[in-house]
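Reading through the structure tokens given below for one structure.
In this note's numbering, the protein residues as written are 969 to 1127.
In structure tokens:
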């Protein structure tokens, strides 16, 4: 699964805003090349967290996925929520990692996000045949939850 395939899976969904920071656009340099997926029906980046991200490089404080091992390596991160996280990882987000839990650099494996796992985020380094369907489901579910939150904030029915 490529970054373009991930984007193709989410861009048709209602209200999705794709933010791709690049040189000279005022974004922090460490965000360049990454992708941030928001629900923003008005096309304006909201003051909320994205529902998913794609990161293409290691940054200070988050090097355990070893994204620098190849120029094509990336990690998709998705807000799975407590129930989704628990179902996929086999423990609650705030529980300590279980013995034998895969390392954060395992490829094509659903993992607790190495930094935001305690908040119910999961990640997949280089999603492939084992995780493609799960990643697509995760993205749809995270989008649906973000859409419902945006509607509640707006005081209206789902967007």
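Think of the CB as a built atom: it goes at the ideal place given N, C-alpha and C, for glycine as much as any other residue.
Top-ranked residue by Cα proximity to residue i, from the options
i, options, result
"residue 970", "1077, 1100 and 1087", "1100"
"residue 1087", "1017, 1108, 1040 and 987", "1017"
"residue 989", "1007, 1009 and 1021", "1021"
"residue 1054", "1098, 1079, 1039 and 1042", "1079"
"residue 1058", "1076, 1037, 1085 and 1121", "1085"
"residue 999", "987, 1052 and 1039", "987"
"residue 1037", "1002, 1026, 1063 and 1046", "1026"
"residue 1003", "982, 1044, 993 and 1009", "1044"
"residue 997", "1015, 1028 and 985", "1028"
Nearest-angstrom Cβ-Cβ length linking residue i and residue j, presumed shorter than 8 Å
i, j, result
"residue 1114", "residue 1019", "4 Å"
Residue i: first and last residue of the uninterrupted beta strand (DSSP E) it sits in
i, result
"residue 1047", "1043–1047"
"residue 1093", "1089–1093"
Classification of residue i by the beta-carbon crowding that lies within 10 angstroms, buried from 16 upward
i, result
"residue 976", "exposed"
"residue 1012", "exposed"
"residue 1052", "buried"
"residue 980", "exposed"
"residue 1039", "exposed"
"residue 1072", "buried"
"residue 1032", "exposed"
"residue 991", "exposed"
"residue 1095", "buried"
"residue 1061", "buried"
"residue 1067", "exposed"
DSSP bridge partner residues for residue i (one or two, in chain order)
i, result
"residue 982", "Answer is none; residue 982 lacks a bridge partner."
"residue 1019", "In the DSSP output, where bridge partners are listed per residue, residue 1019 has none listed."
"residue 1006", "985"
"residue 1079", "1091"
"residue 1030", "1027"
Residue interval of the alpha helix (DSSP H) (run including residue i)
i, result
"residue 1103", "1100–1122"
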